[in-house]
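> Structure incoming, see below.
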DNA sequence: CGCTCTTTTGACGGTTGTCAAACACCGTGG
DNA sequence: CCACGGTGTTTGACAACCGTCAAAAGAGCG
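Put into structure tokens, the structure is as follows:
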């Protein structure tokens, strides 16, 4: 078990504005500190939780990078999202008291464990927290609408362009470069998320590189022309 | 404005077990009745809400049938779901205080208007309601995971089979036939939801009919062989 | 240093999209 | 009541995009 009991406090956490409501009073902040029971370290390749496991907690990612995916009996597998520091993971488990997807660390990671019962209790007392929990869930719903648009209406190039722009944008919000990123996932995982085969992902990377839109060296990607990438998404088929 | 002020009560509603928590005390039930401020009638083809409109309320569908869809500047359009009686609509609006999709009635409809502020206030007092709201949102997240699986990994036949089975299953839960249904949406809308062109949807319907899996007469569909439909989803590509 | 996993690239085929035409259905108005 | 127009649906022919299969090269790890 990769579990330990360091006592921690959101009030001192530099990711606070990503996971937690903003503009809290000192007293409210003190209450919020009760939420995170412990932290938990997850090794690269192992699971934070798995499909079917009993749901007990939501998790705020402190460091590291995760994928969530669902699998069917017939061997199909769909990556439903990639999550990074400051994002909340585990919302799928609330409805049936068990998780309905796997959350796998793509690099060594640490999460803040937030027992759901505590979260519920505290949401009843701290309105800002209640509202925040609702927003986090609503944001996830809206994010998934965007993925549906991508999967339902975009071609391979558009999908990959949207994917890259989304990643750098989120990384930029965390203080990283707007133009460089290291992919934590394989081509196959990107493909699964985007509804493409890994060969198509690889080919599309190569095509972007050939057109001087990006530079690709394995998992290291440098974006040379953000506008062109953006343009790939906005123009569909017809050039008029 | 299709708005009126009939005073209504969930406690007497026969859809109660679909929209509301179960196992409430009489006192709690009385509180719950405060949630629904009014009802609102929506004509076929008109919108319950539209992208960009200020978010004020969630809506429980009493009668009728809706689609939700998102549109992009470049003219893309993605149907993100079809909603029927007892289902909750409007969750997308919470995160930014404005709606991020359109909700269009596909037949004359009536919804219960649940002001979000009331819902928040009451959730703090009635634990069962708080939990219920969370579950409704989590259920939507899990549903969308399923759509991502469908869009990301299934072929046209599998998508349509999954779509039909999902529809009859939900209709059956509402007391309708397990084998017959009337489609409230066009082939184009089905296609948009499933990430297919309307011609492909039409062709796949014809193919199913030819194989005696279903009977199609315009929007009237009779399912002749549920097992075969189910089998289409479970077997992917390889026959071993 | 050798093994495995990942990635790249090529050739080919299949599924689905595109364009087009004809038909069916529905509501409207004569 | 019927004619009519518009919308929705079906079907065909063809093409494009992406998947499949295969092979080889590269990177990472013990």
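Protein chains in written order, with my numbering: chain A, 2 to 241; chain B, 2 to 241.
Ideal Cβ placement from N, Cα and C applies to all residues, glycine included.
None of these values were measured; they are calculated from a predicted model.
Is residue 165 of chain A helix, strand or coil by DSSP?
Reduced to three states, the DSSP call for residue 165 of chain A is helix.
> Give, in chain order, every unbroken run of the alpha helix (DSSP H) that is at least 4 residues long and sits entirely within the stretch 104-154 of chain B.
As far as the stretch 104-154 of chain B is concerned, its whole alpha helix (DSSP H) runs of at least 4 residues are 117-126 and 128-154.
> For residue 217 of chain B, list the residues DSSP reports as bridge partners.
According to DSSP, which records beta bridges pairwise, residue 217 of chain B is partnered with B:222.
> Using only the alpha-carbon positions, how far apart do residue 234 of chain A and residue 156 of chain A sit?
Whole-angstrom Cα-Cα distance: 9 Å.
> Would residue 12 of chain A pass as an interface residue toward chain B - the criterion being a Cβ-Cβ separation below 8 Å?
It does not: the Cβ of residue 12 of chain A has no partner Cβ on chain B nearer than 8 Å.
> Restricting to runs no shorter than 3 residues, where is the beta strand (DSSP E) found entirely within the stretch 179-209 of chain B?
DSSP runs (the beta strand (DSSP E)) wholly in the stretch 179-209 of chain B: 181-183.
> Given 8 Å as the limit, is there contact between the stretch 70-77 of chain A and the stretch 17-25 of chain A, that is, 3 or more CB pairs closer than that?
Judged by Cβ distances under 8 Å, the stretch 70-77 of chain A makes no contact with the stretch 17-25 of chain A, as fewer than three pairs qualify.
> Could you tell me which chain B residues have their CB closer than 7 Å to the CB of residue 166 of chain A, listed as they occur along the chain?
The contacting residues do not exist; residue 166 of chain A stays about 14 Å from chain B at best.
> Taking the C-alpha atoms as reference points, what is the distance between residue 208 of chain A and residue 201 of chain A?
Distance between the alpha carbons of residue 208 of chain A and residue 201 of chain A is about 10 Å.
> Please list, in chain order, the chain A residues whose beta carbon lies closer than 7 Å to that of residue 119 of chain B.
Going along chain A, no residue has its Cβ under 7 Å from residue 119 of chain B, so there is no contact; the nearest lies around 13 Å.
> Taking residue 232 of chain A as part of the alpha helix (DSSP H), name the residues at either end of that continuous run.
It spans 227-235 - the alpha helix (DSSP H) in which residue 232 of chain A sits, taken as one unbroken run.
> Would you verify that the beta carbon of residue 81 of chain A is, or is not, closer than 8 Å to some beta carbon of chain B?
Answer yes: the Cβ-Cβ gap between residue 81 of chain A and chain B drops below 8 Å somewhere.
> With 8 Å set as the bound, which would you pick, yes or no: does the beta-carbon of residue 131 of chain B sit closer than that to a beta-carbon of chain A?
True, the Cβ-Cβ gap to chain A drops below 8 Å.
> Ignore the nearest five residues each way along the sequence and tell me which others in residue 180 of chain A's own chain have a CB closer than 8 Å to its CB.
Within the same chain, residue 180 of chain A has close Cβ partners 169, 223, 224, 225 and 227.
> Give me the subset of the stretch 91-114 of chain A whose CB atoms are less than 9 Å from a CB atom of chain B, sorted by chain position.
Residues 92, 93, 94, 95, 96, 97, 101 and 102.
> Quick one: give me the first and last residue of the beta strand (DSSP E) that residue 43 of chain A is part of.
Its beta strand (DSSP E) spans residues 39-43.
> Taking the DSSP output, what are the residues bridged to residue 82 of chain A?
Answer is A:69, bridged to residue 82 of chain A.
> Identify which residue in B:134, B:106 and B:109 has its Cα closest to the Cα of residue 118 of chain B.
Of the candidates B:134, B:106 and B:109, the one whose C-alpha sits nearest the C-alpha of residue 118 of chain B is B:134.
> Going by the beta-carbon positions, is the gap between residue 39 of chain A and residue 114 of chain A smaller than 8 Å?
For residue 39 of chain A and residue 114 of chain A, yes; Cβs fall inside 8 Å.
> Run through DSSP, which three-state label would residue 12 of chain A get?
It is helical.
> Would residue 135 of chain A pass as an interface residue toward chain B - the criterion being a Cβ-Cβ separation below 8 Å?
Interface residue, yes.
> Exposed or buried, what is residue 45 of chain A when buried is set at 16 or more other beta-carbons lying within 10 Å of its beta-carbon?
Looking at its Cβ environment, which holds fewer than 16 other Cβ atoms inside 10 Å, residue 45 of chain A is exposed.
> Which residues in the same chain have their Cβ closer than 7 Å to the Cβ of residue 99 of chain A, if we skip the five residues on either side of it in sequence?
Counting only Cβ-Cβ distances below 7 Å, and skipping sequence neighbours, we find 53, 54, 55 and 56.
> For residue 236 of chain B, return the contacting residues in chain A, with the cut-off set at a CB-CB distance below 9 Å.
Correct list: 75.
> Shortest alpha-carbon distance to residue 1 of chain A belongs to which of A:67, A:107, A:193 and A:108?
No answer is possible for residue 1 of chain A: the residues shown for chain A start at 2 and end at 241.
> With a Cβ-Cβ cutoff of 8 Å, do residue 149 of chain A and residue 145 of chain B count as a contact?
The answer is yes: Cβ separation under 8 Å.
> Would the beta-carbon of residue 124 of chain A fall within 8 Å of that of residue 131 of chain A?
Taking 8 Å as the Cβ cut-off, residue 124 of chain A and residue 131 of chain A qualify as a contacting pair.
> By alpha-carbon positions, which one of A:85, A:136 and A:82 ends up nearest to residue 97 of chain B?
If we check each option's Cα against that of residue 97 of chain B, A:136 comes out closest.
> Using the beta-carbon of each residue, which ones in chain A are nearer than 7 Å to residue 160 of chain B?
By Cβ distance, chain A contributes nothing, its closest Cβ being about 10 Å from residue 160 of chain B, past 7 Å.
> Establish whether the CB of residue 5 of chain A and some CB of chain B are separated by less than 8 Å.
Annotation note: pLDDT 47 at residue 5 of chain A (below 50); position unreliable, coordinate value reported separately. Answer no: the Cβ-Cβ gap between residue 5 of chain A and chain B never drops below 8 Å.
> Which one of B:205, B:28 and B:60 has the shortest CA to CA distance from residue 41 of chain B?
The residue with the shortest Cα to Cα distance from residue 41 of chain B is B:60.
> For residue 19 of chain B, list the residues DSSP reports as bridge partners.
Beta-bridge pairing links residue 19 of chain B to no other residue.
> What first and last residue would you give for the beta strand (DSSP E) that runs through residue 48 of chain A?
Where residue 48 of chain A is concerned, the enclosing beta strand (DSSP E) stretches over 48-50.
> Please list, in chain order, the residues of the stretch 139-159 of chain B that have any C-beta partner in chain A closer than 7 Å.
Result list: 139, 140, 141, 142, 143, 145, 146, 148, 149, 150, 152, 153 and 154.
> Taking C-beta pairs closer than 8 Å, name the residues in chain A that residue 232 of chain B reaches, listed in chain order.
What residue 232 of chain B touches in chain A: nothing, since even the nearest Cβ is about 10 Å away.
> Measuring only the C-alpha atoms, how far is residue 128 of chain A from residue 9 of chain B?
Residue 128 of chain A and residue 9 of chain B: Cα-Cα distance of roughly 28 Å.
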